[in-house]
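Heads up, the thing below is written out as structure tokens.
Residue numbers (my numbering), protein chains in the order written: chain C, 8 to 152; chain X, 18 to 100.
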């Protein structure tokens, strides 16, 4: 299981070195990075999580994807704390024998991570602060799997 | 039984505490919510719209009609927004 939950930033290239598959077992690697998006009125994005549950929830999502696609390896890194505009929030990397499995598995992991992993985002703006509400499409994204 | 109850995001802000120990005889999550709501206005307001509240029992996502048999930790929070 390769799930990391941390406050500090991460380096995609260094994380990919931890991913199995580059020794000949994988034919495809997909990596995805989620970023803090917004305009100048966004001062910070605060990410709260449920430490006792977060790693377990992410590992369950990882295990479901491994079983469904026969993946070579998965690595998920998710940050918490106060992030600035443009900063990296999280990444997922997947290695698989073939391209389509890698794309689909990464998409699946992201869909479940968005609404099944215990993270909550709060936007700190110039004029107000507000908790981010989920996009209604997020739940539909899960149903399609 | 004694339960550890955790609150996250705006539930934590509305209730004013991140966690507490509660002595209760509630048999389901719904019973526990009813008990908490009867305490005072802050709790009543925090749980006034259950369509925007999620629950985890012993760190596993659960339902409001779930039993509290064997539960030691119950967490309440809004829909998750990770990624």
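Just so it is clear, CB atoms sit at the ideal spot from N, CA and C, and this is done for glycine as well. Since we're looking at a predicted model, the values are computed, not measured.
Using the Cβ count rule (16 or more neighbours within 10 Å means buried), how would you classify residue i?
i, result
"residue 102(C)", "buried"
"residue 134(C)", "exposed"
"residue 20(C)", "exposed"
"residue 95(X)", "buried"
"residue 82(C)", "buried"
"residue 97(X)", "buried"
"residue 61(C)", "buried"
"residue 76(X)", "buried"
"residue 149(C)", "exposed"
"residue 88(X)", "buried"
"residue 69(C)", "buried"
"residue 22(C)", "buried"
Taking the Cβ atom as the reference point for each residue, do residue i and residue j lie within a distance shorter than 9 Å?
i, j, result
"residue 60(X)", "residue 53(X)", "yes"
"residue 131(C)", "residue 85(C)", "no"
"residue 152(C)", "residue 110(C)", "no"
"residue 99(C)", "residue 113(C)", "yes"
"residue 23(X)", "residue 93(X)", "yes"
"residue 125(C)", "residue 64(C)", "yes"
"residue 100(X)", "residue 96(C)", "yes"
"residue 37(X)", "residue 18(X)", "no"
"residue 28(C)", "residue 80(C)", "yes"
"residue 72(C)", "residue 116(C)", "yes"
"residue 66(C)", "residue 10(C)", "yes"
"residue 74(X)", "residue 91(X)", "yes"
Counting only the same chain and skipping the five closest in sequence on each side, list residues whose C-beta sits under 7 Å from that of residue i.
i, result
"residue 105(C)", "34, 35"
"residue 76(C)", "103, 108, 111, 112"
"residue 17(C)", "84, 95, 98"
"residue 32(C)", "79"
"residue 123(C)", "64, 68"
Which same chain residues end up closer than 8 Å to residue i when comparing Cβ atoms and leaving out the 5 residues on each side of it in sequence?
i, result
"residue 62(X)", "31"
"residue 45(C)", "52, 92, 130"
"residue 80(X)", "46, 72"
"residue 127(C)", "54, 55, 56, 138, 139"
How would you write the range of the beta strand (DSSP E) that residue i sits in, first residue to last?
i, result
"residue 38(X)", "36-40"
"residue 18(X)", "It is not in any beta strand (DSSP E) - residue 18(X) carries neither H nor E in the DSSP assignment."
"residue 102(C)", "95-103"
"residue 85(X)", "Premise fails: residue 85(X) is in no beta strand (DSSP E) and is neither H nor E."
"residue 51(X)", "Looking at the DSSP string, residue 51(X) is not in any beta strand (DSSP E); the run it does join, the alpha helix (DSSP H), is 46-54."
"residue 39(C)", "35-42"
So, for residue i: in the same chain, excluding its five sequence neighbours on each side, which residues have a beta-carbon less than 6 Å away from its beta-carbon?
i, result
"residue 29(X)", "35"
"residue 137(C)", "130"
"residue 26(C)", "80, 82, 100, 102"
"residue 121(C)", "145"
"residue 50(X)", "64"
What residue does the alpha helix (DSSP H) around residue i start on, and which one ends it?
i, result
"residue 79(C)", "Looking at the DSSP string, residue 79(C) is not in any alpha helix (DSSP H), and its letter there is neither H nor E."
"residue 19(C)", "19-24"
"residue 70(X)", "No alpha helix (DSSP H) contains residue 70(X), which DSSP labels as neither H nor E."
"residue 4(C)", "Any answer about residue 4(C) is impossible in this case: the structure gives chain C only from 8 up to 152."
Quick check: the segment 85-93 of chain C against the segment 43-55 of chain C, are there 3 or more CB pairs under 8 Å?
yes
Would you check if there are 3 or more beta carbon pairs closer than 8 Å linking the segment 36-48 of chain X to the segment 81-98 of chain X?
yes
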